[in-house]
Every structure is written in structure tokens, then in C-alpha cells.
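Student: Before I ask anything, here is the structure I am working with.
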Amino acid sequence: MRSAHTIKGSAANYELKTLETIAHHLEDVFQALYAPELEIDSELSFLLLEGYDCLKVPLNGILSNIPYDEQEILDRTAEVFAKLQTKLGDFFGREAPLPTSEELGFDVVGLIFADSVPQDLQQLETAIATQDPQQVYPILNSKADFFQELGMSYDLPGLVEIAQATKAAIEYHKDHVLTIAQIALENFQQAYTAVLDGERTQGGSLCDQLRYWAESSAENSLIVS
């Protein structure tokens, strides 16, 4: 689910419409899989693998600079995901809540932050090291989207506020994206440390510097309007 969302966001930022469309379809399918009463049988498993293959072909083509037939991929995607939608029935399109730590029997928030979030922070740090605003902007925007959804899914309002402030700041201050990215990285790192230390009610807190950039964005918006 999270990987599909990341690919979708990155594809949108780079205007890779075919990849964005397929990732979006996969995201909708994965959302249906959260329903605990859904039975994943051999037919559904096979269709999920076919859906993955639809994504793999254009993704590998882009990464390896190998040409592929976009229309053929889109036609195949439409066929596979129509079958998936039929197979999932009423589960498809349903807003199933994410499983809680109590339901899963382990600390899901802690696990996500320990296993997945470090990669996101490292990717952002690597992008900032290039000092190329055109590389930093889409990655920062994608990571902010992820942290916003993560915070909303697990009731971490502080993390949501950091992510929203980041997006607002870079939207109105694209010429300062490198400065904002470094501040946002440090703020996300602070949130990461807080959650690893056991904090589960806020997910960090918005720092004053990032708040300044976000609030000056809001002021600019009011002046323009």
C-alpha cells in the first residue's frame, strides 16, 4: 500500500501518467485487502501478481531506459483491474480502517517507524546532498505526502502538522526549497526519534522555523487573493 502510494506520488511529480495510473489502481486494490473478513484465495493471489506485473513493466522500462508500449500496458491494466474489482466485489472502494496495534498483536506504529521511516529520511537526506532543487522538490513533496497519510492513519497530529507545513512552505517558496528541505528533514527526524522513544499521541511537533515558512506562505496567499 505504502509503496504503491510512493510510486504514484513520484510518478505524478515527474508526469509519468501511465505509471501513476497503474500505481493508483494498485493502491485502491490494496486498500480493499485491509478488510479482515476478506479471503485471499488462489484466484485473488494470481490476479494480484498480474497487477504487480502491470506495474513492473513500465517501472523497469523507465529505470532501465527500455522502451515499452504504453497503450498495450494500459489495456492490460484495465483488463486485470476489472477482474480484480469483480473479484473483490463490495470490498473494493470500501474505506477499511488500518489495523490497530491491538488487532495485530504488536506495535505497528513503532514497527513502521523502526523499519520503514529511516529509508525515507535517508532518501530525503541524499536528495538534499545533491543541492539540486529540481531533484529535492518532488522527493520532499512525496515524503511529506507519506508522512501526512501516516500521521492521519495512526492519529499522530504533530506529524500531520509537520507534513502539511512542509507542503505549504515549498508550494509558495520554490526558490527556497533547499533551505526548507533541510529544516523539514530535521523536523521529521525529531518526530522519528520521539516515536521510537515511545511517544504515540503526537508524532513530533512542528518546529518554529518550518512554521515560519508555512505561515509566510499563508500570508502570501492572502495577499495574492
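So the sequence shown is numbered by UniProt numbering: it starts at 1 and just counts up by one.
We put the beta carbon where it would ideally sit given N, CA and C, even for glycine.
Considering just the uninterrupted stretch of the alpha helix (DSSP H) at Pro118, what are its terminal residues?
Tutor: Mapped onto the sequence shown, residue 118 falls at position 118. Taken as a continuous stretch (DSSP letters only), the alpha helix (DSSP H) holding Pro118 covers 117-129.
Student: Does the beta-carbon of Pro47 have 16 or more other beta-carbons within 10 angstroms, so that it is buried, or is it exposed?
Tutor: On the sequence shown, residue 47 is found 47 positions in, with the first residue counted as 1. The displayed chain sequence assigns Leu, not Pro, to residue 47. Answer is buried; the Cβ neighbour count reaches 16.
Student: Is it buried or exposed, Ser221, if we count other Cβ atoms within 10 angstroms and call 16 or more buried?
Tutor: For the purposes of this step, residue 221 is taken as residue 221 along the sequence shown, with counting starting at 1. Since pLDDT at Ser221 reaches only 46, below the 50 mark, its modelled position is unreliable, and the value read off the structure follows with that caveat. Exposed.
Student: Under a Cβ-count criterion, where at least 16 other Cβ atoms within 10 Å of its own Cβ denotes burial, should Asp208 be classed as buried or exposed?
Tutor: Sequence index remark: in the sequence shown, residue 208 carries index 208 (1-based). Result: exposed.
Student: Where Thr166 and Leu111 are concerned, what is the direct C-alpha to C-alpha distance, given to the nearest angstrom?
Tutor: Within the sequence shown, the letter at position 166 stands for residue 166. Within the sequence shown, the letter at position 111 stands for residue 111. Computed Cα separation, rounded: 24 Å.
Student: For the alpha helix (DSSP H) holding Cys54, just list the boundary residues, first then last.
Tutor: As a first step, residue 54 must be located in the sequence shown, where it is residue number 54. Counting along the chain, the alpha helix (DSSP H) containing Cys54 begins and ends at 42-64.
Student: In the structure shown, what three-state DSSP assignment does Gln202 receive?
Tutor: Here residue 202 refers to the residue found at position 202 when the sequence shown is read from its first residue. The answer is coil: DSSP assigns Gln202 none of H, G, I, E or B.
Student: Can you give the Cα-Cα distance for Glu70 and Cys54, rounded to whole angstroms?
Tutor: Here residue 70 refers to the residue found at position 70 of the sequence shown. Here residue 54 refers to the residue found at position 54 of the sequence shown. Roughly 11 Å between the two C-alpha positions.
Student: Kindly confirm or deny that the stretch 169-177 and the stretch 186-202 touch, where touching means at least three C-beta pairs closer than 8 Å.
Tutor: They do not touch, by the three-pair rule.
Student: Which of helix, strand or coil does DSSP assign to Leu33?
Tutor: The residue given as residue 33 occupies position 33 in the sequence shown. In the structure shown, Leu33 sits in coil (DSSP, three-state: anything other than H, G, I, E or B).
Student: Are at least three pairs of beta-carbons, each pair with one atom in the stretch 30-41 and one in the stretch 56-72, less than 8 Å apart?
Tutor: No, the stretch 30-41 is not in contact with the stretch 56-72.
Student: Check this for me: beta carbons of Ala181 and Val136, under 8 Å apart or not?
Tutor: Here the question's residue 181 lines up with position 181 in the sequence shown. Here the question's residue 136 lines up with position 136 in the sequence shown. Contact flag set, yes.
Student: Near Ile128, which residues of its chain fall below 8 Å by C-beta distance, leaving aside the five closest residues on each side in sequence?
Tutor: Position 128 of the sequence shown holds residue 128. For Ile128, where only same-chain residues beyond five positions count, the Cβ hits under 8 Å are Val136, Leu178, Ala181, Gln182, Leu185.
Student: Examine the Cβ distances between the stretch 82-91 and the stretch 21-35 and report whether three or more of them are shorter than 8 Å.
Tutor: These segments touch.
Student: Terminal residues of the continuous alpha helix (DSSP H) containing Lys83?
Tutor: On the sequence shown, residue 83 is found 83 positions in, with the first residue counted as 1. It spans 70-88 - the alpha helix (DSSP H) in which Lys83 sits, taken as one unbroken run.
Student: Can you tell me the Cα-Cα spacing of Ile22 and Asn60, whole angstroms?
Tutor: One-based indexing of the sequence shown puts residue 22 at position 22. One-based indexing of the sequence shown puts residue 60 at position 60. Taking the straight line joining both Cα atoms gives about 14 Å.
Student: Find the nearest neighbour of Leu206 within the set Glu171, Tyr154, Gln148, judged by alpha-carbon distance.
Tutor: Reading the sequence shown from its first residue, position 206 is the one you call residue 206. Cα-wise, what sits closest to Leu206 is Gln148.
Student: Whose C-alpha, out of Val109, Asp145, Leu88, Ile170, is nearest the C-alpha of Asp155?
Tutor: As a working mapping, residue 155 is identified with position 155 in the sequence shown. Per the Cα distances, Val109.
Student: Closer than 8 Å, CB to CB, is Tyr34 near chain D or not?
Tutor: Protein chains in the displayed structure number just one, and chain D is not present.
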